[in-house]
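Enquirer: Encoded as structure tokens, here's the structure I'll be asking about.
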Amino acid sequence: MLSTRFNQTCFALVDCNNFFVSCERIFNPRLINKPTIVLSSNDGCVVARSNEAKLLGIKMGQPYFQIEKLCRQNHVHIFSSNFELYGDISKRVMTTLFDFCLDSEIYSIDEAFLRLDKMSINVVEYAKKIKETIWKNIGIPVSIGIAPTKTLAKMASHLAKQNLTSGIYDLRSENAREIILQTFPVEEIWGIGKQTATQLHYSKIHMTSQLCATPSTYLKKRFGVMMMRIINELNGISCLSLEEVHSVKNIMCSRSFGKPVTTLSDLLEAVSTYCANACKKARLQKIKAQGICVYLRTSLFNKTKPFYSASDQKILLLPSNDTVLITTIAHDLLKKLFKSNYDYQKVGVILLNLIDENIKQNDLFENKNNDDNKILMNLLDVMNEQWGKKSLFLAAEGTQKLWSVKSARRSPRYTTQWNELLLVL
């Protein structure tokens, strides 16, 4: 059956199953069918779980110390986050999806929307081919939800994960939607947050079918125009188009420390590293910051130590993505914020009010070294691309990085580091 027969828009949401765990399993097949979890930065909490780990009652976001005994008792395999590996596998998945459909939107590291109604294809068979190709070429299992709107495609993807036979769920039929909406909780709807869901429950609205049956005048008055857009989407009326490029307003780089940091010198190293990472992201996206914010804080949970949190920001005379300039400003801000005799747990940098780098803003006191700095930043990026990450870096970033995050359980970066390639004996 061709998509054109439905005479409606058709979106497919391709979602990688338990993505971080699936990436680990590509290079370590012994993990298949074994309970496996991936921990966040500093091995703090759970950010990915295999289905076997979910059956043990391990929750997303749960602190590791709460489940450490459970993991030992059930021989759970535990990994620190390996974002370099996950990012590279994600690029391979997204490149494969673009080969199937150019009309696409990358929604997250493990999800992408495809617009399929403009193609003369059997949509379900095409989805099967996408799923099989990603599994064969990359080794990542995916679920695919098909529907006339993005909101319904997100719902269909959720249902596809429960469809163990094919991993594909089609919600283009009105009859299929009517059945599903009767049992689909409102808190699971894409675009409805926890607070809105609580208000809906208070109004005796628990299932999606009840939401769709509620008078629009009441919903618009109580929840605004965004709720009406969600209702239209749930009724099969497409209101959300694909976004080719997300407009990025800010770039934030921060991590919790592997152990408490007490010295200004260590904090300056960390801020320098985060400035370098943020500026690199900005240059890759061809954008510049009009301001910078630096923040730091002690632990939120250590009740035996005094708490301190502070932040400050500065507006730039000229937009910039120059690592040297941004780092210099960040150092000045941090020195103002720093107080001795505190155990700091986290520091971060935010590039504010980002704009296209081609937008020129002339200034009477513009530094004539700007072109030289641009050449230097370009050289920095080229060298690190050619010789490996952090082959060339500012001395302010330090070399030992005693403050850096814990990642004792990180697997090798199989696809991006020559010295960590998988050995086949």
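Just so you know, we're using the numbering used here here: the sequence shown kicks off at 5 and counts up by one. Backbone N, C-alpha and C fix where the C-beta goes; we use that ideal spot for every residue, glycine too.
1. Taking DSSP as the reference, what is the three-state secondary structure of S220?
2. Excluding sequence positions up to five away, which residues of its chain have a Cβ less than 8 angstroms from the Cβ of Q66?
3. Take S303 as the anchor and find which of R287, K290, I330 and R259 has the nearest alpha-carbon.
4. At a cut of 8 angstroms, does the segment 265-276 reach the segment 335-353 through at least three beta carbon pairs?
5. With H, G and I counted as helix, E and B as strand and the rest as coil, what does DSSP make of A293?
6. Around the Cβ of G217, are there at least 16 other Cβ atoms within 10 angstroms (buried) or fewer (exposed)?
7. Given a threshold of 16 other Cβ atoms within 10 Å of its Cβ, counted over all protein chains shown, does F369 qualify as buried or as exposed?
8. How would you write the range of the beta strand (DSSP E) that L320 sits in, first residue to last?
9. On the CB-based measure, 16 or more other CB atoms within 10 Å of its CB, does S94 come out buried or exposed?
10. Assign L355 to one of two classes, buried (16 or more other C-beta atoms within 10 Å of its C-beta) or exposed (fewer than that).
11. For N345, which option in T266, M231 and K378 has the closest C-alpha, if you only look at C-alpha atoms?
12. Note down, in chain order, each residue of its chain lying with its Cβ closer than 6 angstroms to the Cβ of N281, except the 5 sequence neighbours on either side.
13. Counting Cβ pairs, one atom from each stretch, are 3 or more of them under 8 angstroms apart for the segment 72-88 and the segment 115-129?
14. When you compare each of T308, R287, I359 and Q186 to L320 by their alpha carbons, which one comes out closest?
15. Can you check which of these residues, Y299, R287, K307 and Q421, is closest to N380 by C-alpha distance?
16. May I ask which residues mark the beginning and end of the alpha helix (DSSP H) holding I234?
17. Against chain D, with Cβ distances strictly below 8 angstroms, would D316 count as a contact?
18. Here's the rule: buried if 16 or more other CB atoms are within 10 angstroms of the residue's CB, otherwise exposed. What is L238?
Expert: According to the data block:
1. Secondary structure of S220 (DSSP, three-state): helix.
2. If we look at Q66 and ignore the five residues flanking it on each side, its Cβ neighbours are C49 and V50.
3. Selected option, being the one with the closest Cα: R259.
4. Taking 8 angstroms as the limit for Cβ pairs, the verdict is that the segment 335-353 does touch the segment 265-276.
5. In the three-state reduction of the DSSP assignment, A293 falls in the strand class.
6. A small correction: the amino acid at residue 217 is Ala; Gly does not occupy that position in the sequence shown. By the neighbour-count definition (other C-beta atoms within 10 Å, threshold 16), A217 is an exposed residue.
7. Confidence at F369 is low in this model, with a pLDDT of 48, below 50, so its placement is unreliable and the value that follows should be read with caution. Looking at its Cβ environment, which holds fewer than 16 other Cβ atoms inside 10 Å, F369 is exposed.
8. L320 -> beta strand (DSSP E) spans S313 to S324.
9. If you draw a 10 Å sphere on the C-beta of S94, you find 16 or more other C-beta atoms in it, and that means buried.
10. Looking at its Cβ environment, which holds 16 or more other Cβ atoms inside 10 Å, L355 is buried.
11. When only C-alpha atoms are compared, the closest one is T266.
12. Leaving aside the five residues that flank N281 on each side, the residues in its chain whose CB is nearer than 6 angstroms to its CB run, in chain order, C257.
13. Because the criterion of three Cβ pairs below 8 angstroms is not met, the segment 72-88 and the segment 115-129 do not touch.
14. Ranking T308, R287, I359 and Q186 by Cα distance to L320 puts I359 first.
15. The sequence given here places Leu at residue 380; Asn does not occur at that position. It is R287.
16. I234 -> alpha helix (DSSP H) spans V229 to L238.
17. Annotation note: the requested chain D is absent from the structure, which comprises a single protein chain.
18. Under this definition L238 is a buried residue.
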